[in-house]
Structures are given as C-alpha cells and as structure tokens.
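Right, one structure below, let's go through it.
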Amino acid sequence: MNNVLDNLIFPVLASVISGLILNYMSKRKEHKAGKKGGPAAPETDGAAQGMLRKADVRIAAVMLTVFCVASAVSFLSTRPPDPGPTGDDPTRFPPAPTEGSSQAPSGEETDSVIYYENGDRYVGETENGQPNGKGTCNYTDGSEYVGDWKSGLKDGAGILSYAEGGRYEGEFRADRPDGDGVYYWKNGDKLEAKWADGALNGKGTMTCRDGSVLTGIWRNDELVVKMIDNLHTWNSADGTGFTGNEVNGLIEGYGRSVGGNDTYLGDFKNGKRDGNGICYYGNGDRYDGEWKNGYMEGKGVFYYKEYDNWYQGEFSNGKRNGTGTFYFSSGARYEGEWKDNDYQGTGIMWYAPDDGAKRWYFTGVWEGDMKRGTLYYKDGRCESGVWKDGEMLETSDGSVGIFADENVRTWEDADGSSLTGTQKDGLLSGNGILVYKNNSMYIGEFQNGGPTGSGTRFYNDGGIYVGSVQNGQREGSGACYFPSGDWYAGEWKNNNLTGQGAGYYTGGGFYTGEYVERKQSGTGVMHCWDSVYSGEWENGQRNGKGVWSGRDGNCYFGEYRDNVKCGYGVMYYLNGDRYEGEWREDKQNGVGTMYYADGSEKYGNWVDGVCQN
43 MNNVLDNLIF PVLASVISGL ILNYMSKRKE HKAGKKGGPA APETDGAAQG MLRKADVRIA
103 AVMLTVFCVA SAVSFLSTRP PDPGPTGDDP TRFPPAPTEG SSQAPSGEET DSVIYYENGD
163 RYVGETENGQ PNGKGTCNYT DGSEYVGDWK SGLKDGAGIL SYAEGGRYEG EFRADRPDGD
223 GVYYWKNGDK LEAKWADGAL NGKGTMTCRD GSVLTGIWRN DELVVKMIDN LHTWNSADGT
283 GFTGNEVNGL IEGYGRSVGG NDTYLGDFKN GKRDGNGICY YGNGDRYDGE WKNGYMEGKG
343 VFYYKEYDNW YQGEFSNGKR NGTGTFYFSS GARYEGEWKD NDYQGTGIMW YAPDDGAKRW
403 YFTGVWEGDM KRGTLYYKDG RCESGVWKDG EMLETSDGSV GIFADENVRT WEDADGSSLT
463 GTQKDGLLSG NGILVYKNNS MYIGEFQNGG PTGSGTRFYN DGGIYVGSVQ NGQREGSGAC
523 YFPSGDWYAG EWKNNNLTGQ GAGYYTGGGF YTGEYVERKQ SGTGVMHCWD SVYSGEWENG
583 QRNGKGVWSG RDGNCYFGEY RDNVKCGYGV MYYLNGDRYE GEWREDKQNG VGTMYYADGS
643 EKYGNWVDGV CQN
C-alpha cells in the first residue's frame, strides 16, 4: 500500500496541482497585461475565464481531499501493530495487553504501562511487550502485586496483597508462590512457611495474634502433622517427662509426655490432654483422636492389642459413648449406639462366620442386659422377641423370615447350587438363600435369579462380606472380613476394594484413603504401632511424597520408594537437629547437610547415615 501511494498517487497529485497553479498564474498575468493598455477581452471570454477559474478551484479541492485521505491511510498503515496475547493460552495470567500498551524493542528494557482487557493495569519494566523485571500490577478484584516479573509472570521476590486484606510476602515462581514466604491475615495472624506450586508444602510456623504458636508440616495446603515448637524438657512431681511449652509448670500447646510406659503426642491445655493427639499405651493399645480435659472425648480410633480388635466412633469421658463400629478379630461386627463401653440403644450385630448357632445378624434395641429385636439365621429363619443374657424371654407368633411367604420353595440349579426363595418367571427373585456347590453361601436380595442388592456372602475359607452386591460380586459399599483377621470397608468394584476405603489390620495397622484392587494406591494415611504416615501410595506401598511422624517426636517430609525413604527429604529431630538431603534404604545416603541445634552444621556425602567428610 505504501509503495502505491509513494510511486503513483502522490506524483500524479503533485503534477495536477502544479499544472493548476501554473495555469492560474498565466491567466492572472494576461489579465494584468490587459489592464495596462491591451485590448479588452470580449464579454464571452471573460465568462469563460470565470468558469475556468471555478473549475480549477473544484479540481484543486478534490485533489486536496484525495491527498488528505491518502496521507491518513499512509499514516495508519505505518502504525506499529498491537502486541496481542502473550503465549498460546489466552487465559494465562496476567491477561494479554490490548489498547494503550507499549511494546519495547526486542532485548530492550523500559518502563511501560499496560492495560488489559479485563481492566487490570501494569506499571513497570517490560521486555517484548510483557512485564519483565520490577513492576506493579493492580487487578480489578482489588488485589495488587508488587515485585519481580519474568516473561509476563510473577517470578522472584514479591508482595501479593489480596482484596480481603490478606497479604503474601515471599518467593514466586511461574506466577505462583514457591519457596519461602510469609502470609499475613487481616486479623494479625501470620504463617511463615514453605510453598511449592502455589500450595503450602513443608514446615511452617503460625503465630496468632493472641501469642499462641503452631508449628507443623503442610502438604498441599493441608496441615498433616503438628511439631513441637519449644524443645524445653522437664519432669513433673510424679516423674512424667514433658517436651514442649511450659506455662506455670504445666505443658501448654502441642507437646509430648512420657509417663510410665505410655507416650502421648498431641495437644495440651492447662497440663492436660486437650485437642487432637495419639496415645501409645504400654500394653500395645493405641488411641488416635480427640481429647478433652485429659480424657478421650469426641471422635477417634482405638486399637485393642490383646485381641486385635478395633473401634472407630465416638467417645465421652474416656469411654465408648455415642455411635460407633466395633470390629472383632473373629469377624463379628457391631454398628450402633454405645453407653459407657456397652451396647446401648439402636444397633445391629453381625455374627462371626463360624458362629456355632448359625446366627446371621441381629437388629434391634439394647437396654442394659436386655435386647429387643429380630434375630436372623443363616438358614433363612428369624425370631423376633426379647432376650436377656442370651436367653429368649418372649417371641412372636407365626412363621417368620423368608419362609413367611407360602410360595417359598427350595430347588437346585444346573450346576448343583441350592436356592431357597420365591420364583418369578422361573428365577429366584426377592429375598433368598443361595448355597454354592463349594458350600459358600449368599443370603440377601436377588434379581433375575442372581444375587443383586444388599446381602451377606459367607466364604468357605471363613471370610464374610456384608454390603452391596451386583450379579454375585462385591459392588458398591460394603465391609469384608478376611480369615487373617483384617477388615476392609469402603467402595468395591469388580469384587475388589477400589476407591475410598479403610483397612483394619492385625498387628495394629489402620489405613484410610484410596485403594485400587484392595491395595493402597493414591493418597492415604496409615497408622502403625509406633508412627503415622500420610502421603502418596502405589501398589500397596509408600511411593512418592509423604510425611512420617514417630512416637519419638521425629518427623520426616520427603520422597519414598517401595516403602522406604528414598530421594530428597528433610528429617526434623526432636532435639532440634535437622537433616536436608538425599536418602536411600531409609538412611541418609548421598549429598546432604545436617543442621545441629547448637548452630553448627555438617555438609558432605553420607553413607548409611554417616557423613564421610
């Protein structure tokens, strides 16, 4: 376009306008000569000259208009283009600049003002049309960032002030908080911690406006484990040892106590267990949950070492009170209400697979040493009445159970299995009993001749499953007991625990989290006899990043491979020491630094926990 204007239109305009000017000057000269004595022009010639002058003026006006338009087109065509969106993703933060932005030449830094389509405004150094260097961005939601930028993203040191009054000061990387930083709440609380990929990941210390302090390890913005902030140690008059914050001779906040053979790690208030904590008892029992005024109070999980039994539910005044589930190592299970450690109120008892009386389950109400309800047997019978100390006092009249229907019958199918119930179109439908040829048994709901709905499966190896069934397979929500004494409860798919679930293991292991085919996979928490691990799992083993905390007060945050510490990690010791570096086979192996509580440090290559330098 510029070449056409320069080489064609502008020369033609210049030639025409020059000709008009010369013609006009020639006529004017002739006119002046006539006034000096020449012959007077005829009247008709004068009119023609006037018309010629008017035509010249009109042509000049048109040429001038064309010249102005061409000049404007030339100016617009030579204006630098808008820089446009930055990067391939138009939603990338900050948004792409539009009108009003200034684009610096490549490699040159300059202060600029950039206006974004959504109303955000940046003032500061730029490079190639993007924030780069020091600058300030004010956002339409009222927040503001002041600090370092790199290629249009927050990167380096900066301060991000939120509209609601909170403020983050620290390191950024790729537009997110990453590294060391401090978050200030509007109410005066503050948190000094480590961030990674925009989330809290690592050790942090929160100081509240009332002076209280909380130190712990965060993973993906979740507080995983608390840590003792004050390493002060002392003994009480009865010989109990304490580690933590001492106020008027009493432990306060998060700390540790060792008395007799018991070890408690958790929250204290006025010298008593109060809040969340774990107690490792000398006899092997363990409680993990809520406390109040020195007693178990609220929700928790208790492991009874002697019989490998588990209870998960509510506590009050140190006893099972409220609602909860008791898992017996025999395979029996009670779900319902409790009072002072006894069944009290509404509940359901599922009997052990090898119950001598062939009982299936009882549902009803417990009142002291009496219970009122219905007892179901594995053969399909049931009794309704009142029992005391296991002896029936009253019973209902008439036939009960699945035999209440006069159309109930028993027959065998083609593979030799026995079915009891009512038929619909020749198939078992509704409630019924299926005894397989291998002597395993299913009692529950049927559809189109197959076990589908709610039911119980008794396996010939002594296992039992209670829950949802689809075409004879465990599918949906349910609980399964295995002859080893382990319990699994949660979501099932294709006969395997897959999804969210819980596992209660002999020996004291308790897991809550994600499963894939009955193996821990994903994220979850494992409670062991001497520690707790929270983190990533794969194929039933700790794999990935996680947090481990021991009953001795030590904490580890880092990488695992095949159930052992492997990769980069940080170990925080109760005495104040800290190791940061490489691990292998659960020990310091590789390059790392030990920071000692006295301020000294040791850096070098470590082999099996020993520095070689």
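According to the working numbering, the stretch in the sequence shown is residues 43 to 655, in order. The beta-carbon is built from N, C-alpha and C at its ideal position, and this holds for glycine as well. Because the structure is a prediction, the values reported are computed rather than measured.
ASP330 versus TYR306: straight-line alpha-carbon distance, rounded: 10 Å
Option in GLY387, GLY491, ASN473, ASN537 with minimal Cα separation from ILE506: ASN537
Classification of ASP411 by the beta-carbon crowding that lies within 10 angstroms, buried from 16 upward: exposed
Distance, MET338 Cα to GLY301 Cα: About 17 Å.
Rounded Cβ spacing between VAL574 and SER591 (contact assumed at less than 8 Å): About 5 Å separates the Cβ atoms of VAL574 and SER591, confirming a contact at the 8 Å cut-off.
Alpha-carbon to alpha-carbon, TRP453 and THR464: 10 Å
Reference THR365, options GLU348, ALA374, PHE344, GLY387, closest by Cα: Answer by Cα proximity: GLY387.
GLY283 beta carbon less than 7 Å from that of ILE293: no
Beta-ladder partner(s) of LEU242, from DSSP: TRP237
Neighbourhood of TYR346 by C-beta distance below 8 Å, restricted to the same chain and skipping five residues each side: ASP327, TRP352, TYR353
Cutoff 7 Å; reference VAL633; Cβ partners in own chain excluding five residues on either side: GLY623, GLU624, ASN647
Contact test: CYS522 Cβ vs the ligand HEM heavy atom, cutoff 6 Å: Of ligands this structure carries none, so the ligand HEM is not represented either.
Residue burial classification, ARG298 (beta-carbon count within 10 angstroms, cutoff 16): Burial call: buried.
Whole-angstrom distance between ASP231 and GLY705, CA atom to CA atom: There is no way to answer for residue 705, as the model of the chain reaches only from 43 to 655.
Rounded Cβ spacing between ARG268 and TYR296 (contact assumed at less than 8 Å): Just to set this straight, residue 268 is Lys in the shown sequence, not Arg. Indeed they touch by this definition, with Cβ atoms about 5 Å apart.
Spatial neighbours of GLY541 in its chain, beta-carbon cut-off 6 Å, leaving aside the 5 residues before and after: Same-chain partners within the cutoff: GLU533.
Helix, strand or coil at TYR204 [DSSP, three-state]: Three-state result, TYR204: coil.
Own chain partners of LYS221 with C-beta closer than 6 Å, once the 5 adjacent residues on each side are dropped: First, the amino acid is wrong: residue 221 is Gly here, not Lys. Contacts found: GLU213.
Length of the line joining the Cα atoms of ASP203 and TYR187: Residue identity differs from the one stated: residue 203 is Ser in this sequence, not Asp. Each residue's alpha carbon lies about 6 Å from the other.
Beta-carbon spacing of GLY595, LEU616 below 7 Å: yes
Close-in-space but distant-in-sequence residues of the same chain around THR182 (CB under 8 Å, 5 per side omitted): ASN160, GLY161, ASP162
Alpha-carbon spacing of GLY373 relative to SER482, whole angstroms: 16 Å
Straight-line gap, GLY495 to VAL511 (C-alpha atoms, nearest Å): 5 Å
C-beta atoms of LEU242 and ASP217 nearer than 7 Å: no
Contacting residues, own chain, Cβ-Cβ under 6 Å from ASP131 (five flanking each side not counted): The predicted model places ASP131 with a pLDDT of 31, which falls under 50 and marks its position as unreliable, so this point remains unresolved.
Beta-bridge partners of ILE156, as assigned by DSSP: TYR164
Minimum length 3: unbroken beta strand (DSSP E) runs contained in the stretch 442 to 510: 451 to 454, 460 to 466, 469 to 477, 483 to 489, 492 to 500
Terminal residues of the beta strand (DSSP E) in which LYS314 lies: Under the DSSP assignment, LYS314 falls in the beta strand (DSSP E) whose first and last residues are 314 to 322.
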